Amino acid sequence: MPVDVDAAVISNTRLSDDYSVLALAAPAIAEAAQPGQFVMLKVSRGMDPLLRRPFSIFQRLRDERGFLTGLTVLNKRIGKGTALLYDAEAGARLQCLGPLGRPFEAVDPPAEAWMIAGGVGLAPFATLAETLIARGTATTLFYGARRAQDLHCAEVFERLGVHVVYSTEDGGRGARGRVTVPLEQALARTDRSIDLRLYVCGPTPMMRAVAMVAAAHGRRCEVSLEQVMGCGLGGCYSCVVLARDGSGAPHHTRSCIDGPVFDATRVVWEALAH
Amino acid sequence: MPVDVDAAVISNTRLSDDYSVLALAAPAIAEAAQPGQFVMLKVSRGMDPLLRRPFSIFQRLRDERGFLTGLTVLNKRIGKGTALLYDAEAGARLQCLGPLGRPFEAVDPPAEAWMIAGGVGLAPFATLAETLIARGTATTLFYGARRAQDLHCAEVFERLGVHVVYSTEDGGRGARGRVTVPLEQALARTDRSIDLRLYVCGPTPMMRAVAMVAAAHGRRCEVSLEQVMGCGLGGCYSCVVLARDGSGAPHHTRSCIDGPVFDATRVVWEALAH
Amino acid sequence: MSVDLSVSLGTLTLSNPLIAASGCFGYGVEYADAVDLSTLGGVAVKGLFLAEREGHPPPRIVETPAGMLNAIGLQGIGVHRFIREKLPELRDRRAVVFVNICGTTIDEYVELARILSDAEGVAAIELNISCPNIKEGGITFGCSLPGTHNVVAAVRKVTRLPIIPKLTPNVTDVASFARAAEDAGADALSLVNTFLAMAIDVDTRRPKLTNIVGGLSGPAIRPIAVRMVYECRQAVKIPIIGMGGISDPEDVLEFMIAGATAVQVGTANFVDPFIWYRLLDGLRAYMARHQLSRLADLTGTLDATSRQQAWISS
Amino acid sequence: MSVDLSVSLGTLTLSNPLIAASGCFGYGVEYADAVDLSTLGGVAVKGLFLAEREGHPPPRIVETPAGMLNAIGLQGIGVHRFIREKLPELRDRRAVVFVNICGTTIDEYVELARILSDAEGVAAIELNISCPNIKEGGITFGCSLPGTHNVVAAVRKVTRLPIIPKLTPNVTDVASFARAAEDAGADALSLVNTFLAMAIDVDTRRPKLTNIVGGLSGPAIRPIAVRMVYECRQAVKIPIIGMGGISDPEDVLEFMIAGATAVQVGTANFVDPFIWYRLLDGLRAYMARHQLSRLADLTGTLDATSRQQAWISS
Ligand SMILES: Cc1cc2nc3c(=O)[nH]c(=O)nc-3n(C[C@H](O)[C@H](O)[C@H](O)COP(=O)(O)OP(=O)(O)OC[C@H]3O[C@@H](n4cnc5c(N)ncnc54)[C@H](O)[C@@H]3O)c2cc1C
Ligand SMILES: Cc1cc2nc3c(=O)[nH]c(=O)nc-3n(C[C@H](O)[C@H](O)[C@H](O)COP(=O)(O)OP(=O)(O)OC[C@H]3O[C@@H](n4cnc5c(N)ncnc54)[C@H](O)[C@@H]3O)c2cc1C
Ligand SMILES: Cc1cc2nc3c(=O)[nH]c(=O)nc-3n(C[C@H](O)[C@H](O)[C@H](O)COP(=O)(O)O)c2cc1C
Ligand SMILES: Cc1cc2nc3c(=O)[nH]c(=O)nc-3n(C[C@H](O)[C@H](O)[C@H](O)COP(=O)(O)O)c2cc1C
Ligand code: FES
Ligand code: FES
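Quick mapping for you: the protein sequence lines, in order, are chains A, B, C and D.
Converting from the first sequence to the numbering used here requires adding 4 to each position, the first position being numbered 1.
Converting from the second sequence to the numbering used here requires adding 4 to each position, the first position being numbered 1.
Converting from the third sequence to the numbering used here requires adding 81 to each position, the first position being numbered 1.
Converting from the fourth sequence to the numbering used here requires adding 81 to each position, the first position being numbered 1.
Here you go:
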């Protein structure tokens with residue numbers, strides 16, 4: 005059951021000209037949150053902009069005694085709403101609705117977990133990594149970006165004990181090229197007897213490419229899709245993706261309640277807007 | 005020629021739950037400003053609310069060397085826009101267009117100046133008082149409000165050397181009753197040979213009452229009217245008041261460019277919305 | 082003071098005037114965990130055809146100043162699956178269900194009405210003759226006076242359920258459509274549906290919606306919708322359900338004063354799914370402030386005598 | 082890169098597509114101190130009748146979400162005083178003047194056109210047949226196809242000045258009105274005028290405007306206006322001047338891509354009287370980014386082929 009919290013901004017840490025990490029006081033949402041779920045944020049008071057914006061729950065925050073106090077959002081400025089969030093100051097208040105959506109299915113050992121993130125697609129993985137590590141699952145993050153300076157927050161994962169594999173398109177850090185380069189190498193190296201689960205979030209073409217790679221290697225792969233969302237609760241049918249049902253028939257499926265996480269084989273990639 | 009300044013909020017001093025004094029860095033407007041003129045403020049970025057709001061120029065600000073640096077606005081929270089102004093923090097920026105409108109006609113000695121203010125109608129008088137005092141004109145302020153705690157900023161006037169006469173409806177400070185009570189007493193006491201000019205700003209019924217009193221005593225009286233304004237520049241014809249022309253014929257007259265200051269005898273008071 | 086928020090749409094009494102707008106509340110069941118459906122005056126479910134429909138490809142919505150465009154294309158599970166899969170839960174949750182129906186022919190509307198009349202737990206049929214997002218049917222009836230009359234009259238013959246045609250605002254004279262619907266036997270009217278509109282991505286020079294055009298809803302349209310309710314109130318006797326941009330208690334009151342008996346809330350429910358509680362609180366506060374014991378007494382009480390004398394002629 | 086911002090409305094060439102909208106820029110002279118009028122593509126002056134008019138008593142405007150209502154009631158100094166008192170200064174300032182005219186009968190329109198044809202410094206006549214705020218004339222022509230045709234045809238007979246009928250959006254099928262105007266000899270079209278709308282003070286239960294109803298303008302209406310320009314672009318060959326809520330360079334581009342040759346800016350000019358410079362800068366930046374040397378090439382370039390294949394049928 006989602007709740008709507010009038011959440012105080014605890015802090016807003018600018019990581020670069022367009023990335024920031026926004027910490028929100030919303031314990032009730034943090035308690036209920038599962039990896040891969042999201043919140044709908046009202047980025048300003050008033051009607052400009054009118055609609056809320058969806059954001060993955062990045063981290064769950066705890067106080068010294070370990071009690072959950074809130075959550076963070078990894079925000080990338082791309083338009084009006086994300087610009088307002090980037091500019092938000094501590095003390096401001098934002099309506100925060102959540103947790104919403106279908107979470108990732110976290111695997112247990114001996115299965116291994118490989119998370120593949122492109123850019124701000126890193127956001128859903130901090131919570132997933134925490135959950136996986138807590139279960140003792142060996143967890144790797146393939147983290148790609150255009151340039152080295154666009155790789156943010158990797159330390160969050162390293163601190164958790166996640167094995168991080170970097171790639172940058174300009175070769176500034178880790179493998180040169182798309183994130184699929186080190187991923188394919190790693191898949192080729194990995195014994196088929198090892199049970200692997202792939203989790204992907206990033207730009208649509210990247211997710212599609214990873215889904216193809218995963219299929220080619222016969223690996224199960226979950227993707228977290230980012231559609232424009234009007235309500236986040238199944239009310240408006242704006243957020244549909246074409247996804248196959250049990251019988252393989254494609255249907256417009258609401259990504260806010262039947263997703264945002266989908267098994268990659270369900271998605272009709274050709275139909276996804278880029 | 006009005007200018008539009010992207011003005012920084014220097015400070016916002018809350019005087020009570022609904023009054024604040026907002027200082028804005030807008031030297032170009034302060035330099036050109038004449039007593040009784042106003043600015044149009046965009047109270048927020050974005051479209052909520054859409055239109056600017058008119059505010060009298062309260063004080064002109066100077067630095068230590070006496071150079072004009074900006075202006076203040078005496079803001080009373082009555083709706084959405086004035087609430088946003090009340091909440092504005094130092095460092096914020098507001099588009100500020102001005103100076104606008106027809107100013108008061110400041111009299112010179114031996115004429116005396118009587119300013120009559122009701123509530124936030126005090127706003128245009130600080131600049132007027134400064135101008136009058138600089139000319140050596142004997143200046144009195146009749147300042148009325150509902151309760152003593154609603155009388156703000158009187159010290160600004162006392163410091164300038166203005167004689168301040170208070171009245172409150174509950175008798176908490178000065179004369180009990182409307183501002184017309186001490187005004188009528190003073191008028192009755194004042195020799196007809198003394199040249200007097202009355203300047204009025206406040207709620208419409210109060211201005212109307214003062215205009216009647218002034219007319220009964222044969223005193224010239226200028227009123228500063230507050231109509232809803234769309235543009236402040238004569239473009240929209242929203243701000244009209246019914247005012248008599250030279251021949252006595254009433255016309256809908258734009259209060260943003262032909263006012264906000266009108267000779268009280270021109271105004272068809274019966275036609276003014278309360 | 083005990084306050085009475087109930088309103089009557091002909092034979093149907095609602096506990097309060099707030100109805101979730103069709104297409105903005107899924108089939109109602111999506112919200113059942115978050116909101117107690119029985120606290121709403123009613124729930125208008127997503128527009129249903131006889132058959133299942135996949136609707137338009139995304140993007141299906143785009144935000145605009147104080148509004149949004151949608152071109153969902155009436156995706157839906159069809160009336161049979163609705164009755165089987167959704168209606169029982171709505172019944173259990175004690176929701177007052179308005180079923181919004183859409184057809185491409187009069188026969189389809191008639192067939193839908195017939196099927197729903199036999200189902201248990203349907204409070205009223207909202208006839209969607211105003212969806213701007215589909216080529217066939219719907220709005221082609223809603224933009225023609227005989228079309229409107231004929232659909233309503235045909236459905237009237239096959240059901241005793243209250244029939245509530247939903248009018249489009251995309252017409253010159255909405256009041257004439259209100260009259261046509263009333264003459265044909267409608268029990269109440271819903272208005273307005275969305276305004277046909279579009280938005281363009283100037284960098285790609287392509288429409289922002291796959292469907293090119295879509296329907297404008299939200300606060301932006303409220304002043305036009307209020308005017309239309311006011312016009313229809315003077316044209317017909319049957320109750321009006323007003324909508325278009327309602328976001329605050331004042332907006333509900335505005336529609337009621339203009340002539341609405343009940344209201345629907347669509348877009349604002351996306352922004353705040355718990356809006357119902359806020360609106361109900363606001364209505365109660367207004368009633369207390371104005372010592373109003375029956376909210377229904379507000380309907381159509383606009384005082385339209387000139388606010389002040391015109392002091393000059395010409 | 083040298084860029085060409087000029088656009089042609091038939092025989093009339095403007096240095097750029099930006100025109101101040103009628104009723105939103107006084108008689109132009111009010112702005113002459115603040116804005117160099119010759120930098121604008123044109124200035125549409127406040128709607129003029131033959132005689133002086135006092136208009137409606139205030140309040141005349143009320144703000145709404147991302148928009149505003151106005152019911153000015155066409156206050157104005159009449160065509161004779163305009164020619165005597167305002168036109169000379171406009172000429173001196175090298176403004177390209179569109180005179181917006183309004184009558185209660187066809188004869189009045191004809192008379193106005195005749196008078197203006199003899200005046201020096203009038204670039205075009207904008208026929209206001211769409212003002213929602215006056216009972217007589219105006220919109221009664223604009224809401225009837227023969228009415229529209231007859232006014233335009235009658236004015237056509239008496240003037241060689243470009244005639245630009247201004248269409249109302251308060252109709253079912255705006256494209257049919259565009260065709261009627263074109264058939265009757267219009268040189269270009271302006272659209273849209275404001276949407277008939279209202280707002281109510283719920284505490285007093287009175288309309289917020291003295292005139293009860295008013296016209297809705299501003300960003301709120303933009304998506305509807307863009308759709309109407311797009312529809313008319315497909316219906317007629319004559320140039321279209323698009324308007325409704327333009328506030329940013331992207332909005333100008335949106336109207337042009339939808340089919341407008343030029344645009345007018347009304348409400349946004351109230352918010353920012355120096356908007357013209359910002360819009361021109363934005364247009365130049367867009368042209369540079371897209372390596373567009375002639376802005377006029379943008380008109381009607383919407384790529385409305387489906388953005389993506391529909392992967393499923395039904
Ligand atoms: C489930 C989910 C989780 C998300 N998590 C995050 C996150 O953790 N951090 C983060 O920074 N962003 C995240 N996003 C994307 C984020 O919601 C959008 O960037 C945001 O809504 C854009 O708002 P805006 O007002 O800045 O952009 P707008 O001004 O509204 O639009 C700017 C441009 O971006 C496009 N756009 C708008 N929304 C989306 C969208 N959802 N996907 C792709 N393009 C869009 C628009 O079409 C437009 O071209 C997530 C989206 C979803 C659906
Ligand atoms: C020339 C001039 C100078 C002014 N100087 C000052 C000043 O120095 N300090 C100050 O606090 N205020 C001043 N005002 C009034 C101020 O402009 C309004 O209070 C403000 O516009 C209200 O905006 P809002 O968004 O808070 O109210 P809204 O939310 O827009 O409206 C709230 C209520 O107030 C009414 N209202 C709105 N504008 C006005 C208005 N102009 N006059 C009367 N009622 C109105 C509305 O009809 C509504 O009922 C001045 C007005 C004018 C015309
Ligand atoms: C996403 C969306 C889907 C809609 N679907 C329907 C529908 O299926 N049937 C219908 O009659 N109206 C539909 N509407 C119109 C609404 O019911 C309502 O008439 C309109 O949105 C105006 O109200 P609002 O401004 O409160 O949203 C839809 C509106 C939206 C925004
Ligand atoms: C205050 C005001 C007065 C107007 N007066 C006229 C007028 O006299 N003649 C006319 O044709 N249109 C008039 N209009 C309509 C505008 O010219 C324009 O068509 C409309 O406002 C839409 O553009 P906008 O959204 O940019 O304001 C007026 C609009 C406003 C807001
Ligand atoms: S966002 Fe509304 S249904 Fe998914
Ligand atoms: S405020 Fe626009 S004319 Fe006065």
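For glycine and all other residues, C-beta sits at the position ideal for the given N, C-alpha and C.
These numbers were taken from a predicted model, which means no experiment stands behind them.
For the beta strand (DSSP E) containing residue i, list its first residue and its last residue.
| i | result |
| --- | --- |
| A101(C) | 99-101 |
| E144(C) | 142-145 |
| D10(A) | 7-18 |
| K127(D) | 123-129 |
| R201(B) | 200-205 |
| Q345(D) | 343-346 |
| G74(A) | 72-80 |
Between which two residues does the alpha helix (DSSP H) holding residue i run?
| i | result |
| --- | --- |
| E207(D) | Element bounds for E207(D): not the alpha helix (DSSP H) but the beta strand (DSSP E), 205-209. |
| Y358(D) | 356-370 |
| R258(A) | No alpha helix (DSSP H) holds R258(A); the beta strand (DSSP E) holding it covers 254-258. |
| F161(A) | 158-164 |
| L171(D) | 168-173 |
| I305(D) | 303-316 |
Can you list, in chain order, the residues of its chain with a C-beta nearer than 7 Å to that of residue i? Leave out the 5 residues immediately preceding and following it.
| i | result |
| --- | --- |
| E35(B) | L72 |
| T194(A) | L200 |
| A55(B) | According to the sequence displayed, residue 55(B) carries Leu and not Ala. G234, listed in sequence order. |
| L26(B) | V13, N16, T76, V77, N79, L89, A92 |
| D10(A) | R97, Q99 |
Note down, in chain order, each residue of its chain lying with its Cβ closer than 8 Å to the Cβ of residue i, except the 5 sequence neighbours on either side.
| i | result |
| --- | --- |
| L168(D) | V178, A200, E201, G202, V203 |
| G363(C) | D329, P330, E331, V333 |
| L1(A) | No answer is possible for residue 1(A): the residues shown for chain A start at 5 and end at 278. |
| T141(B) | A110, V111, D112, P113, A115, E116, A117 |
Go through its chain and collect everything with a Cβ distance to residue i's Cβ below 6 Å, but skip five positions before and after it.
| i | result |
| --- | --- |
| S395(D) | In this prediction, S395(D) scores a pLDDT of 39, lower than 50, which makes its location untrustworthy; no coordinate-derived value is stated. |
| A152(A) | T172, G176, R177 |
| I164(D) | A200 |
| R212(A) | W273 |
- Using 8 Å as the Cβ pair cut-off and three pairs as the minimum, do the region 95-104 of chain C and the region 62-82 of chain B touch? no
- Task: For the region 338-348 of chain D and the region 362-374 of chain D, state whether three or more C-beta atom pairs, one from each stretch, are separated by less than 8 Å.
- Result: no
- According to a CB-to-CB cut-off of less than 7 Å, which residues of the region 33-65 of chain A neighbour chain B? G50, M51, D52
- Relative to chain C, which residues along the region 234-265 of chain A have a C-beta separation below 9 Å, given in chain order? G234, C235, G236, L237, G238, G239, C240, Y241, S242, C243, V244, V245, L246, P254, H255, H256, R258, I261
- Message: Taking 8 Å as the cut-off, does the region 263-275 of chain C touch the region 304-311 of chain C (at least 3 CB pairs, one atom from each stretch)?
- Response: yes
- Query: Hey, is the region 93-100 of chain B in contact with the region 122-142 of chain B, meaning 3+ C-beta pairs nearer than 8 Å?
  - Reply: no
- Message: Going residue by residue through the region 111-140 of chain A, where are the continuous alpha helix (DSSP H) segments of at least 4 residues, counting only ones entirely within it?
- Response: 129-138
- Message: I need the residues with a C-beta less than 6 Å from some heavy atom of ligand 8; please give them in chain order.
- Response: In terms of ligand content, the structure shown lacks ligand 8 and carries ligand 1, ligand 2, ligand 3, ligand 4, ligand 5 and ligand 6 instead.
- Query: Unbroken beta strand (DSSP E) runs of length 3 or more, entirely within the region 232-260 of chain C: which are they?
  - Reply: 244-247
- If you pair each beta-carbon of the region 277-293 of chain D with each one of the region 133-143 of chain D, do three or more pairs fall below 8 Å? yes
- Specify whether the region 113-126 of chain C and the region 112-122 of chain D touch according to this definition: at least 3 beta carbon pairs, one from each stretch, less than 8 Å apart. no
- Which runs of the beta strand (DSSP E), 3 residues or longer, sit entirely within the region 213-239 of chain A? 224-228
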